[in-house]
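A.B. asks: Below is a structure I'd like to ask you about.
Chains as they are written, first to last, in the numbering used here: chain A, 410 to 1141; chain B, 991 to 1144.
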C-alpha cells in the first residue's frame, strides 16, 4: 500500500462534504431534459431510494449502487469508462454496481477537465485513485464508529465492509448515509499495484448499449423544447471578410426566422480561442434542411482584406523558410559541419506533408442559451474551461454565470480544443434572445480552418568509413510552426547533432491535430533512418538499438527527453513478437519506433503486393505506456492510431487556391476506408509499474514511418511526400 | 409543404413537411429519431444509413417524397431491446471509439448480412467501404460482422 496525502485535492472534498446531506448536489441528467437520473438498466443492483454524496466523484445509493462522475470530455478515447474504473478500483466496489455520469465543468471539484495531449489519465491518475481511496476510508470509518471498533479491525472489499475477527458485515449502500458526516481524512492508503483487480482488466465501454441502439448522446443530438436551430456561413477564403448579404431575401425564405451578421471578435482572446473567421453570416430557423436551402440562396459580398494563399505559395514559403526562416528553437551538439566534411557517406533527404483537416465525423455544433445575466452551454468540447472563459469574455459575464456541460463527442483529434463554435452559438443566442443549437455542415466544418500545419523538413546524416553515424541534422519548417523536437531522439545518440525548428507565416488557421508535429516528424525521421541504416548495411532495428545503446551508456549533450532503455525496450519487444529477421516469400517488412506523449511505441508492418497494389497484411505494435488501465480499450486506441496514421499519410490532403480549400467534403477529401485498413493489428504492452502515460496519440506517428519503410521494401520506391498516394501508390 | 404518412419502425407517422426534405432530417428534426447521424450530406460517409424495406440506403439522399409505402427502419427500430445479433456482436467486440458512425455501420452491416449471411472478408470490406469510421475501428467492425454471422441468427 502507498500512503498518500489528500491535500492536493482536499479543496474539492471539503467543499462537497460540507454541502453533503443537502441533497443532490451534482446529480442531473441534462441530455434527457428534466428527467431524474436514469441509471443503466444493466446495473447489478436496484435503483436506490436515497443517494449519498461521498465526494465530487462518488455518490452511493442505499442499495449499493454507486454513481461515479467522469470529469473529462469523452472524445472516443474511452475515459468515460477508464477514469471511473480507477475510482472504482480504489473504492473497491464491484463494477456491476457502478453507473457512470458525465460531470459538468467544475473547476472547484476537478482538475484538468480537458481532452488533449493524451493527458486525461496521466494528469488525473492520482486524483482519481485518491477519490476512490478517500471514499473507501470514509465508509470504513463510518462502520468503525457504528460498531465501536478500530479502523484496523475492518477491511473493505467488493462493496462490503467486514470485521477481520468477527461476524459482522455491512455493505457500502447500508453504511453510506453514515459516511457523509465523516471528516475527510488527511491521508489515505492507496492499493498496491499488485492488488489491482479492475485496473489492467478489460471493461467494456459504459456507453456501448446506448451507442448501438442510437440513443441521444452527442451534441448534435441535443434537443430542448423551444430551442431554434442555426447555421453559419463563413467567408469562402482565408483573407476575406463578409461585407453584406441579401438579408431581406434570406429572411423571407420558408422556415427562416432571422438572418444577420454575427461578430465574435474579442480584444484579448484566451487560450484555444483562435478563430478562422470572426464575422459570420448566421441564419436561424426551425429545421436543418430549410437552413441548408437558405444557405444555398445566400448572395454575399466578401471583401478581400489579406493575401489569398495557394498551395504553390505554401510550398515556396516553406522552401524559403528552410533557407532563411526564423529559428524558433534549436539544439547543437559537437560540430556537424566538420563531421560531414570527413564523412565517408552523406545522405540528405527532404520530406513534406500538406495541411489536413480533423474531419471529426460529428461536425462542429453547440447549444447555447444566453440570457441577460447568464449563459448555458451544452455540447462537444475538449476544453470546457476555455469555452467558459471565452464566452464570459464575449458576453462580458462573470465566469460563475457561465455553465458548460459536455456531451459525448463524435471525434476530437484536437479539433474541439478550439472553442469558436461554442462562442458562435452563444453570440447567436444572445442576438435572438432564445436558446439555439448551432450546426455546421460538413463543408463549413472542412473549410473553417484549424488545420494540421503543412510541413517540410530536411534530414542529413553522415556515416564514417565503418558505417557509424557520426553526424545528424534536421531542419524543419512549418506554416506556421516547425515540426522539430530538438531534444528528442536521435539527440543524445549522435556525437555531432543539430536540430532547427523554423516558423513561417500563413493566414490559414491551424491547430493541434492528433499528435501535433509528431504526426509528421515520426514518419520523416523513421523513414530517413531506414534509408541511413540501409546505406550503412545494417539491419534497421539493430541500427536503432546501436544508437539507443550510445544514449544509454554515454549520452551526448545536456539532456534528451526520452528514456533510451524504454525506447529500446519497445523495439526489442516488437522484434520478438514479429519474429523480425525471418523472411516470408513476397512479404515486405517495415519498422519504426517513436516516443511522444510520454509513451513509447514500436511498430512492424508486413506488406504484400496484390496485383501491384500494396496491402498491409499485419501490424505488430509494442507499447510502453506504463500501467494499462483498460486493456482491450487501450488496444483499440493503438489500433485506431495505426489506421489513422496510414489513412492520413496515404490519402488525405487539403490544398488551396485563391485562399480557399479545394476539398470541401468527402467526395474530394479522401479518408481511409474499410478495404484500405490493415488486415490485422496485434498490440503488446510492456508490463511495468510506471504511472500511466498517453494512449490516444502515440500509436499514430510511428505507423507512418513503418508504412513508408514497408512500401519501399514492397515497391522499391521511397516515399518522401505525403499523401503517398499521389506518388502513384494505393494501399488497398 | 405536403402531408406524408410514413411507416417507420413499425409505426405510422404523419407529418407535414417540404417534400424535398431528405429522410435524414425528417428523422432527426421532425421525428426526433436522432440515432441516424449526419456526417457529410452527400452519401459519402454512410453515417445516415437506414433500411428502406430490406435495403440499406443513405437517408441524406432520400427525399421524403420518394419513400411512399416502403417500410423504414432506423437504428432505434432495429430491435426491441438492442438485441439484434449485429448489435450484440458490436457490444461483444467493444467496437466503438467515439461511436458516432456506428449506427450507420450497424444498419449497413445488418442489411448486408441479411442478404449474405456468410460473407468472406473481401465481401465484408466491399459492402462496408461506403461507411467511414474516422476513429479507425474497421478491424473490430469486421470482426463483429463475422461474430454476428457466426451467431447464425442474423
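Idealized CB from N, CA, C, for every residue including glycine. Please read all numbers here as calculations on a predicted model, not as lab measurements.
Starting from residue 1024 of chain B, find everything on chain A with Cβ-Cβ shorter than 7 Å and list it in chain order.
C.D. replies: Here residue 1024 of chain B refers to the residue found at position 34 when the second chain is read from its first residue. Residues of chain A passing the Cβ test: 625 and 630.
A.B. asks: For the beta strand (DSSP E) that residue 784 of chain A lies in, which residues bound it at each end?
C.D. replies: Within the first chain, numbered from 1, the residue matching residue 784 of chain A stands at position 375. First-last of the beta strand (DSSP E) with residue 784 of chain A: 784–788.
A.B. asks: Can you check which of these residues, A:709, A:737 and A:1125, is closest to residue 943 of chain A by C-alpha distance?
C.D. replies: Locating residue 943 of chain A in the first chain gives position 534, where the first residue counts as 1. Here the closest residue by C-alpha is A:1125.
A.B. asks: Near residue 805 of chain A, which residues of its chain fall below 8 Å by C-beta distance, leaving aside the five closest residues on each side in sequence?
C.D. replies: Residue 805 of chain A sits at position 396 when you count from the first residue of the first chain. Excluding sequence neighbours, residue 805 of chain A sits near nothing in its chain.
A.B. asks: What distance in whole Å lies between the Cβ atoms of residue 1012 of chain B and residue 1075 of chain B, which are believed to be in contact at a cut-off of 8 Å?
C.D. replies: Along the second chain, read from residue 1 onward, the residue named residue 1075 of chain B stands at position 85. Along the second chain, read from residue 1 onward, the residue named residue 1012 of chain B stands at position 22. Not confirmed; about 29 Å, so no contact.
A.B. asks: Could you check if residue 575 of chain A is buried or exposed, using at least 16 other CB atoms within 10 Å of its CB as the buried criterion?
C.D. replies: Position 166 of the first chain, counting from 1, holds the residue named residue 575 of chain A. When all chains shown are included, residue 575 of chain A counts as exposed.
A.B. asks: Going straight from the alpha carbon of residue 1044 of chain A to that of residue 1019 of chain B, what length do you get?
C.D. replies: In the first chain, the residue the question calls residue 1044 of chain A occupies position 635. In the second chain, the residue the question calls residue 1019 of chain B occupies position 29. Between residue 1044 of chain A and residue 1019 of chain B, the C-alpha separation is close to 37 Å.
A.B. asks: Beta-carbon of residue 1197 of chain A versus every beta-carbon of chain B: anything under 9 Å?
C.D. replies: This structure leaves residue 1197 of chain A out entirely; chain A is present only between 410 and 1141.
A.B. asks: Indicate the three-state DSSP secondary structure (helix, strand or coil) for residue 1082 of chain A in the structure shown.
C.D. replies: Locating residue 1082 of chain A in the first chain gives position 673, counting from the first residue. Note: residue 1082 of chain A maps to coil in three-state DSSP.
A.B. asks: Looking only at C-alpha atoms, which of A:473, A:1106 and A:547 sits nearest to residue 928 of chain A?
C.D. replies: Stepping through the first chain from its first residue, residue 928 of chain A is reached at position 519. Checked all of A:473, A:1106 and A:547; the closest Cα to residue 928 of chain A is A:1106.
A.B. asks: Is there a C-beta anywhere in chain B that falls below 9 Å from the one on residue 1056 of chain A?
C.D. replies: Residue 1056 of chain A sits at position 647 when you count from the first residue of the first chain. Yes, because at least one Cβ of chain B sits closer than 9 Å to the Cβ of residue 1056 of chain A.
A.B. asks: Tell me the rounded alpha-carbon separation between residue 594 of chain A and residue 588 of chain A.
C.D. replies: Here residue 594 of chain A corresponds to residue number 185 of the first chain, with the count starting at 1. Here residue 588 of chain A corresponds to residue number 179 of the first chain, with the count starting at 1. Straight-line Cα distance between these residues: approximately 12 Å.
A.B. asks: Quick check: is the beta carbon of residue 1091 of chain B nearer than 9 Å to any beta carbon in chain A?
C.D. replies: Taking the second chain and counting its residues from 1, the one referred to as residue 1091 of chain B is at position 101. It does: the Cβ of residue 1091 of chain B has a partner Cβ on chain A nearer than 9 Å.
A.B. asks: Does any residue of chain B bring its CB to less than 9 Å from the CB of residue 791 of chain A?
C.D. replies: Position 382 of the first chain, counting from 1, holds the residue named residue 791 of chain A. No, no contact with chain B.
A.B. asks: Note down, one range per segment and in chain order, each beta strand (DSSP E) of at least 3 residues found wholly within the region 1057–1082 of chain B.
C.D. replies: Listed in chain order, they are 1061–1063.
A.B. asks: What does a CB cutoff of less than 7 Å around residue 1061 of chain B pick up in its chain, not counting 5 residues either side in sequence?
C.D. replies: Residue numbering aside, residue 1061 of chain B sits at position 71 when the second chain is read from its first letter. 997 and 1043.
A.B. asks: Let me check one thing: in DSSP terms, what residues is residue 739 of chain A bridge-paired to?
C.D. replies: Taking the first chain and counting its residues from 1, the one referred to as residue 739 of chain A is at position 330. Residue 739 of chain A is bridged to A:909.
A.B. asks: Return the bridge partner residues of residue 563 of chain A from the DSSP annotation.
C.D. replies: Mapped onto the first chain, residue 563 of chain A falls at position 154. For residue 563 of chain A, which the question treats as bridged, DSSP gives the partners A:572.
A.B. asks: Quick check on this structure: which residue in A:772, A:743 and A:1108 has the alpha carbon closest to the alpha carbon of residue 526 of chain A?
C.D. replies: The sequence position of residue 526 of chain A within the first chain is 117, counting from 1. When only C-alpha atoms are compared, the closest one is A:1108.
A.B. asks: Could you run through the region 666–700 of chain A and flag, in chain order, every residue whose CB is less than 9 Å away from some CB of chain B?
C.D. replies: So the list reads 695, 696, 697, 698 and 699, given in the order they occur along the chain.
A.B. asks: Name the chain B residues that come within less than 8 Å of residue 1015 of chain A, Cβ to Cβ?
C.D. replies: The count along the first chain starts at 1 and reaches residue 1015 of chain A at position 606. Those within 8 Å of residue 1015 of chain A in chain B number zero; the least Cβ separation is about 15 Å.
A.B. asks: By the 10 Å Cβ neighbour count, where 16 or more other Cβ atoms means buried, how is residue 991 of chain B classified, buried or exposed?
C.D. replies: For the purposes of this step, residue 991 of chain B is taken as residue 1 along the second chain, with counting starting at 1. Exposed: under 16 other Cβ atoms inside 10 Å.
A.B. asks: By a C-beta neighbour count over all protein chains shown, 10 Å radius and 16 as the cutoff for buried, is residue 745 of chain A buried or exposed?
C.D. replies: As a first step, residue 745 of chain A is located in the first chain; it is residue number 336 there, counting from the start. The residue in question, residue 745 of chain A, is buried, as its Cβ has 16 or more Cβ neighbours within 10 Å.
A.B. asks: I'd like to know whether the C-beta of residue 1137 of chain B is nearer than 9 Å to at least one C-beta of chain A.
C.D. replies: The residue labelled residue 1137 of chain B in the question sits at position 147 within the second chain. False, the Cβ-Cβ gap to chain A never drops below 9 Å.
A.B. asks: Could you name the residues that DSSP lists as bridge partners for residue 1030 of chain A?
C.D. replies: Taking the first residue of the first chain as position 1, residue 1030 of chain A is located at position 621. Answer is A:1012 and A:1092, bridged to residue 1030 of chain A.
A.B. asks: Along the chain, where does the beta strand (DSSP E) containing residue 543 of chain A start, and where does it finish?
C.D. replies: Within the first chain, numbered from 1, the residue matching residue 543 of chain A stands at position 134. First-last for residue 543 of chain A: 529–556, but that is the alpha helix (DSSP H), not the beta strand (DSSP E).
A.B. asks: Please compile the residues from chain A whose C-beta is within a distance smaller than 8 Å of the C-beta of residue 1034 of chain B.
C.D. replies: Looking up residue 1034 of chain B in the second chain gives position 44. Residues of chain A passing the Cβ test: 1074, 1075 and 1076.
A.B. asks: Let me confirm a value: residue 653 of chain A is counted as buried when at least 16 other C-beta atoms fall within 10 Å, else exposed. Which label applies?
C.D. replies: The residue given as residue 653 of chain A occupies position 244 in the first chain. Looking at its Cβ environment, which holds fewer than 16 other Cβ atoms inside 10 Å, residue 653 of chain A is exposed.
A.B. asks: Between the Cα of residue 472 of chain A and the Cα atoms of A:568, A:534 and A:510, which residue gives the shortest distance?
C.D. replies: For this step, residue 472 of chain A is matched to residue 63 along the first chain. Selected option, being the one with the closest Cα: A:568.
A.B. asks: Of the choices B:1134, B:1081 and B:1097, whose alpha-carbon is the least far from that of residue 611 of chain A?
C.D. replies: On the first chain, residue 611 of chain A is found 202 positions in, with the first residue counted as 1. When each option's Cα is compared against that of residue 611 of chain A, the closest is B:1081.
A.B. asks: By the 10 Å Cβ neighbour count, where 16 or more other Cβ atoms means buried, how is residue 391 of chain A classified, buried or exposed?
C.D. replies: This structure gives no information on residue 391 of chain A, because the portion of chain A shown stretches from 410 to 1141.
A.B. asks: If the cut-off is 9 Å on Cβ atoms, which residues from the region 834–864 of chain A count as contacting chain B, listed in chain order?
C.D. replies: The region 834–864 of chain A vs chain B, Cβ under 9 Å: 848, 850, 851 and 852.
A.B. asks: Can you grab the Cα-Cα spacing for the pair residue 436 of chain A / residue 529 of chain A, in whole Å?
C.D. replies: On the first chain, residue 436 of chain A is found 27 positions in, with the first residue counted as 1. On the first chain, residue 529 of chain A is found 120 positions in, with the first residue counted as 1. Since pLDDT at residue 436 of chain A reaches only 31, below the 50 mark, its modelled position is unreliable, and the value read off the structure follows with that caveat. Near 22 Å, if we compare the C-alpha coordinates of residue 529 of chain A and residue 436 of chain A.
A.B. asks: In chain A, which residues lie less than 7 Å from residue 1011 of chain B when you measure between Cβ atoms?
C.D. replies: The residue labelled residue 1011 of chain B in the question sits at position 21 within the second chain. Here the neighbours are 698.
A.B. asks: From the DSSP output, in three-state form, read off residue 864 of chain A for me.
C.D. replies: Numbered from its first residue, the first chain carries residue 864 of chain A at position 455. Strand at residue 864 of chain A.
A.B. asks: For the region 898–918 of chain A and the region 1083–1101 of chain A, state whether three or more C-beta atom pairs, one from each stretch, are separated by less than 8 Å.
C.D. replies: These segments do not touch.
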